[in-house]
Amino acid sequence: MHDALHDGRRFRTLNVIDDGNRQVLGIEIATSIPSNRAIRVMNQLIELHGKPEALRLDNGSEPTSHAFIDWAAERGIALRFIAPGKPNQSAYIERFNKTYRDEVLSAYLFETIEQLQEITDHWLIEYNELRPHGSLGWVPPLTYMPRGNRAGESTINL
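Using numbering that gives the first Met the number 0, the first residue of the sequence shown is number 0, and each one after it goes up by one.
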């Protein structure tokens, strides 16, 4: 996603969501997120949560870079790209992005990226641990399926 701070400086977000329980594993926020930064974020998330079988991605420049594709191949992580112009292939991601935009990005005027990151981090605790999700039987993601209790294939959405 992308937006701007109060003073007009642009920023981007890298939203990482688990397919299995809809937990948001992280949102990286910066003025730009080149492939090397996306790789660093993914390495950190793998250290915390384990390696996914696959990543579902849009066709943006970061996940289609040679560095990112090579990184995934070296780790045996399949890359599953959604077709251009087919947001319905990741409908719940689009829904999450709308919720994040409505409840965080559009709800405040941010002076700094650090301020935005702090508010985002607090919002993620509510989203993952407290907010009931209709698609999960009206329980929060971490109640529905804690990451330690997973079976089978895991896919992460970028």
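Yeah, the Cβ is synthetic: ideal placement off N, Cα and C, and Gly gets one too.
Going by Cα to Cα distance, which pick from 85, 132, 93 and 70 is closest to residue 41?
70
Range of the contiguous alpha helix (DSSP H) that encloses residue 120
112 to 124
Assuming residue 115 and residue 28 make a contact with CB atoms under 8 Å, what is their CB distance in whole Å?
6 Å
Over the uninterrupted beta strand (DSSP E) stretch that includes residue 28, give me the two end residues.
23 to 29
Since residue 80 is in the alpha helix (DSSP H), which residue starts that stretch and which ends it?
Unbroken run through residue 80 is the beta strand (DSSP E), 77 to 80; no alpha helix (DSSP H).
Quick check: what's the CA-CA separation for residue 35 versus residue 66?
7 Å
Can you give me the C-alpha to C-alpha distance between residue 31 and residue 63, rounded to a whole angstrom?
16 Å
Which word fits residue 119, buried or exposed, when buried means at least 16 other C-beta atoms lie within 10 angstroms of its C-beta?
buried
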